[in-house]
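Chemist: Residue numbers (the working numbering), protein chains in the order written: chain G, 1 to 407; chain C, 1001 to 1407.
Built from N, CA and C at the ideal position, the CB exists for glycine as well.
Protein chains: 2
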Amino acid sequence: MALANEHFMKLPDNYLFTDIAKKVNTFKVVHPKAEIIRLGIGDVTRPLPKASLEAMHKAVDEMGEASTFRGYGPEHGYDFLINAIIKNDYEPRGVKLDPDEVFISDGSKSDTGNIGDILRHDNSIGVTDPIYPVYIDSNVMCGRAGVLEDGKWSNVTYLPTNMENNFVPQIPNHRVDIIYLCYPNNPTGTVLSAEELKKWVNYAIKNDAIIMYDAAYEAYIQNPDIPHSIYEIRGAKKVAIEFRSFSKTAGFTGVRCGYTVVPKELTASTLSGERIPLNRLWNRRQCTKFNGTSYITQRGAEAIYTPEGKSQVRETINYYMTNAKIMKEGLTSLGYQVFGGENAPYLWVKTPNGTTSWKFFEQMLYEANVVGTPGVGFGPSGEGYIRLTAFGERENCEEAMRRFRKL
Amino acid sequence: MALANEHFMKLPDNYLFTDIAKKVNTFKVVHPKAEIIRLGIGDVTRPLPKASLEAMHKAVDEMGEASTFRGYGPEHGYDFLINAIIKNDYEPRGVKLDPDEVFISDGSKSDTGNIGDILRHDNSIGVTDPIYPVYIDSNVMCGRAGVLEDGKWSNVTYLPTNMENNFVPQIPNHRVDIIYLCYPNNPTGTVLSAEELKKWVNYAIKNDAIIMYDAAYEAYIQNPDIPHSIYEIRGAKKVAIEFRSFSKTAGFTGVRCGYTVVPKELTASTLSGERIPLNRLWNRRQCTKFNGTSYITQRGAEAIYTPEGKSQVRETINYYMTNAKIMKEGLTSLGYQVFGGENAPYLWVKTPNGTTSWKFFEQMLYEANVVGTPGVGFGPSGEGYIRLTAFGERENCEEAMRRFRKL
């Protein structure tokens, strides 16, 4: 008989954002007239850059004429986009990449979820805690995370980031095979200095580990000393895969485009000690189980690298970062301890008086009609925090601050 | 140390269409003036339906205004598209589906490749032979296919379809857990009658097996007695997952959209005998490792179900099927044995005088400057056949037939 993948059954049935939606709906039933401000889910609200819209209109037109029609594209993406990425996202930061080291995809969630396909299921993993849930859930699904014991997965090393360590994860005192790092961080909105990132690269080199580096929020970095790419650190190409996304950079959450860099010098081992280039494995994986990203989407993404596109992207990011500033200043002036929000669109707020994340979530909802995300939903070390996002409308951010004053 | 997934190393390095491209390039170097006609890769050439173009332009405009902007969509797709699919693709054929049984994706290649995530890696598989390579390769990657011995995978049951059995795969005399069926068939272009399909559904019910039914070419069926969906067969919802694509139906190979139906009554077993609904597992898989299909793309797909869209799709399919007719009649009149091409855009041509697939491929290339696909590239039972596609320009199909006369 056909057998199901039982690892799926280990996953808790509840999903953070579904739980939140349920609680918000319950509130709405009882308070139908309340005007709720949503600062919970990390989705953008500003329209796409005009340059992308124009490029996509043009691409749609091309698909309407036999002479310019495009069928199957390359699984790893069109050269025009790959070259624009290398030239604009990497060369100015001193990072050299070959076109076949960049893989265009339909987004970082797919790639961070699917990357595990190319690695053995018994590698151990390490994650900063709190964390974007996909990293762990995708590893649970293939058995790599082990079993859930007291809220933690047995084959996962948790690396707490919190007030006490200034949100700098400490190098573990044992070896792990695969380490997930996300900087600027979701959910805490904090960043890692070049010096701290270097410790991780060196750890990976020394321990023959692989770093999965999620840089989906790099466009929000304001401090010129903070690295945008892990490849700015010497030796990182030997040990790191980097994930990038157009979702938050250019508002592509509903358009779907991202890319993953798998350097050719990066290898993993076979049981017998042979070194295998992971670039080749990821290419084979994508050629077999993926058929490329929409041509129209790729033209839209390319356009953000034009002078107009760059300026439009900057304007949108400034809008969100001004939201973050308003909220951070507002909350700080009210006596809250607020982290992040300076190089990332997320604010990580300490709940007052040791309140739990969920309790403060409900207090915000019922007393201020503002929705945040309970920090504990991102992992045990998130307990006692609330995540607020800066992706809302300006007036909602301002109104939310007025309401916090009454809390 | 981080260990690579060694199953990838079992995959032969050569890939059918890469090998073909190399051979064609070699020919071009020596014969730079030859005008090559490509009837090899199954990619479409006609522009998108006008209805889809208009819908996509409108959707791009919506993404340019804050009031109509769409961010993250539902992972399983928008209701507007799911409802259009159920109403147009299933209801008229007597198949009732709930909206949460239909999962929109970026294409059938992703879904047929990823579906294995939700099943144990030690299920046995059965495939018709010849076959679309993704079914096997994706199973090799997770170890489910076993090891390659004399050109066959040890954990795969091959079900030959050839002239001798009139391209009707025979029910195996032992049980397999997962069976891949693709009808209308790629590469042979043949179809399965309701009576034959029923045998497979009954086999799956009796053996507690799961059928992966790839119906990517159903829009090409001309004979009203041939089932378009496996769910037209009683009991199929208990045992079958169906894959559909807009690639060949509406020219979406470069736009990327398809869908997968996982009925709620379909279950697989745990080792302890508990029944698990696969709909829940696939939903969890998609919510974790996929983030929805482009809103713009989904609007484009929805538009093919409007009266204008339907008529434009029909026109394009008629164009390709007229190509198929011209080629089938042309080759038959020259004495070739030609299969398929009546309910599918593929012609499966027996090579003359027992020539091998690759030898005839080269003869076609060098003597007629026409590129086909060697049948053996799709599996051992494809030896002695060539696949030709009807997706080319009309004049190229006609010219190809003139050149065949000289062969």
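1) Using the beta-carbon count (16 or more within 10 Å), is Arg-1144(C) buried or exposed?
2) Opposite Ser-1105(C) in the DSSP bridges: which residues?
3) Less than 8 Å between the CB atoms is what I'm expecting for Leu-39(G) and Leu-334(G), so what's the real figure, rounded?
4) Considering only the beta carbon of each residue, do Ile-1118(C) and Leu-1281(C) sit closer than 8 Å?
5) For Gln-312(G), is the classification buried or exposed, using 16 other Cβ atoms within 10 angstroms of its Cβ as the cut-off for buried?
6) Only counting the same chain, and skipping five residues up and downstream in sequence, which positions put a Cβ closer than 6 Å to that of Asn-1279(C)?
7) Which residues share a DSSP beta bridge with Trp-200(G)?
8) Does Val-1262(C) get closer than 8 Å to chain G when you measure Cβ to Cβ?
9) Given a limit of 8 Å on CB to CB distance, which residues of the region 1281-1313 of chain C reach chain G?
10) Going by DSSP, what residue range makes up the alpha helix (DSSP H) through Ser-138(G)?
11) Name the DSSP bridge partner or partners of Lys-152(G)?
12) Against Arg-256(G), what residues of chain C qualify as contacts under a CB-to-CB distance less than 8 Å, listed in chain order?
13) Are the CB atoms of Asn-1291(C) and Gly-107(G) nearer to each other than 8 Å?
14) Since Ser-1138(C) and Asp-1208(C) should fall inside the 8 Å C-beta cutoff, what is the C-beta to C-beta distance between them, to a whole number of angstroms?
15) Going straight from the alpha carbon of Ser-1247(C) to that of Ser-1110(C), what length do you get?
16) Say whether the region 1385-1401 of chain C touches the region 1320-1328 of chain C, bearing in mind that this needs 3 or more beta-carbon pairs closer than 8 Å, one atom from each stretch.
17) Nearest-angstrom Cα distance between Leu-1097(C) and Val-30(G)?
18) Which residues does DSSP pair with Met-212(G) in a beta bridge?
19) Am I right that Tyr-180(G) and Ile-131(G) are in contact with their C-beta atoms under 8 Å? What's the rounded C-beta distance?
20) Please confirm if Met-141(G) has its CB atom under 8 Å from at least one CB of chain C.
21) For Thr-1389(C), which residues in chain G fall below 8 Å Cβ to Cβ?
22) Taking only beta-carbon atoms, is Thr-45(G) less than 8 Å away from chain C?
23) How many Å lie between Pro-1099(C) and Gly-1077(C) at the Cα?
24) Please compile the residues from chain G whose C-beta is within a distance smaller than 7 Å of the C-beta of Asn-1114(C).
25) Check whether chain C comes within 8 Å of Asp-177(G), counting only Cβ atoms and requiring the distance to be less than that.
26) Who are the near neighbours of Ile-304(G) in its chain, counting only those whose CB is closer than 8 Å to its CB and skipping five residues on each side?
27) Kindly confirm or deny that the region 351-364 of chain G and the region 1018-1032 of chain C touch, where touching means at least three C-beta pairs closer than 8 Å.
28) Using the C-alpha atoms, what's the distance from Asp-225(G) back to Phe-1243(C)?
29) According to DSSP, which residues form a beta bridge with Asp-1225(C)?
30) Along chain C, in chain order, which residues have C-beta atoms closer than 7 Å to that of Thr-253(G)?
31) Thinking just about the alpha-carbon of each residue, which of Gln-1298(C), Ala-1204(C), Tyr-1158(C) is nearest to the one in Thr-1135(C)?
32) Can you name the residues of chain G whose CB is closer than 8 Å to the CB of Gly-1064(C)?
33) Run through chain G and tell me which residues come within less than 8 Å of Leu-1278(C), C-beta to C-beta.
34) Run through chain C and tell me which residues come within less than 7 Å of His-57(G), C-beta to C-beta.
35) Show which residues of chain G have a CB atom less than 8 Å away from the CB atom of Ile-1082(C).
36) In the DSSP assignment, the beta strand (DSSP E) including Tyr-1385(C) goes from what residue to what residue?
Modeler: Quick answer:
1) That one is buried.
2) According to DSSP, Ser-1105(C) bridges with Gly-1258(C).
3) The Cβ separation is near 15 Å, so there is no contact.
4) Contact: yes.
5) By the 10 Å Cβ count, Gln-312(G) comes out buried.
6) The answer, listed in chain order, is Val-1262, Lys-1264.
7) DSSP output for Trp-200(G) lists no bridge partner at all.
8) Judged by the 8 Å Cβ criterion, Val-1262(C) is not in contact with chain G.
9) Within the region 1281-1313 of chain C, contact with chain G at the beta-carbon level (separation under 8 Å) is assigned to Leu-1281, Arg-1284, Arg-1285, Cys-1287, Thr-1288, Lys-1289, Phe-1290, Asn-1291, Gly-1292, Thr-1293, Ser-1294, Tyr-1295, Ile-1296, Thr-1297.
10) Its alpha helix (DSSP H) spans residues 133-141.
11) Under DSSP, Lys-152(G) takes part in a beta bridge, and its partners are Glu-149(G).
12) Under the 8 Å cutoff, chain C gives Asp-1106, Asn-1291, Gly-1292, Thr-1293, Ser-1294.
13) Cβ atoms of Asn-1291(C) and Gly-107(G): closer than 8 Å.
14) In fact, because the Cβ distance is near 22 Å, the residues do not count as touching under 8 Å.
15) Distance between the alpha carbons of Ser-1247(C) and Ser-1110(C) is about 13 Å.
16) Note that the region 1385-1401 of chain C touches the region 1320-1328 of chain C; at least 3 beta-carbon pairs, one per stretch, sit closer than 8 Å.
17) One Cα belongs to Leu-1097(C), the other to Val-30(G), and the distance between them is close to 34 Å.
18) Beta-bridge pairing links Met-212(G) to Tyr-180(G), Ile-241(G).
19) Correct: roughly 7 Å between the Cβ atoms.
20) Chain C contact via Cβ: present.
21) The contacting residues do not exist; Thr-1389(C) stays about 12 Å from chain G at best.
22) It does; some Cβ of chain C falls within 8 Å.
23) Rounded to whole angstroms, the separation of the alpha carbons of Gly-1077(C) and Pro-1099(C) is 10 Å.
24) Under the 7 Å cutoff, chain G gives Lys-289.
25) Judged by the 8 Å Cβ criterion, Asp-177(G) is in contact with chain C.
26) By the criterion of a C-beta distance shorter than 8 Å, Ile-304(G) is surrounded in its chain by Pro-49, Ala-51, Ser-52, Phe-246, Thr-249, Ala-250, Lys-310, Gln-312, Val-313, once the five residues flanking it on both sides are discounted.
27) Counting C-beta pairs closer than 8 Å gives fewer than three between the region 351-364 of chain G and the region 1018-1032 of chain C, which falls short of the contact rule.
28) Counting only the Cα atoms, Asp-225(G) lies some 49 Å from Phe-1243(C).
29) Per DSSP, none; premise fails for Asp-1225(C).
30) At a beta-carbon threshold of 7 Å, the residues of chain C lying near Thr-253(G) are Gly-1071, Tyr-1072, ordered along the chain.
31) Looking at the sequence provided, one finds Tyr at residue 1135(C) rather than Thr. When only C-alpha atoms are compared, the closest one is Tyr-1158(C).
32) Taking a Cβ-Cβ cut-off of 8 Å, the neighbours of Gly-1064(C) in chain G comprise Pro-47, Leu-48, Lys-50, Leu-53, given in sequence order.
33) Those within 8 Å of Leu-1278(C) in chain G are Ala-4.
34) The CB of His-57(G) comes closer than 7 Å to the CB of His-1057, Val-1060 in chain C, given here in chain order.
35) Neighbours of Ile-1082(C) on chain G: none; closest Cβ ~16 Å, over 8 Å.
36) First-last of the beta strand (DSSP E) with Tyr-1385(C): 1385-1389.
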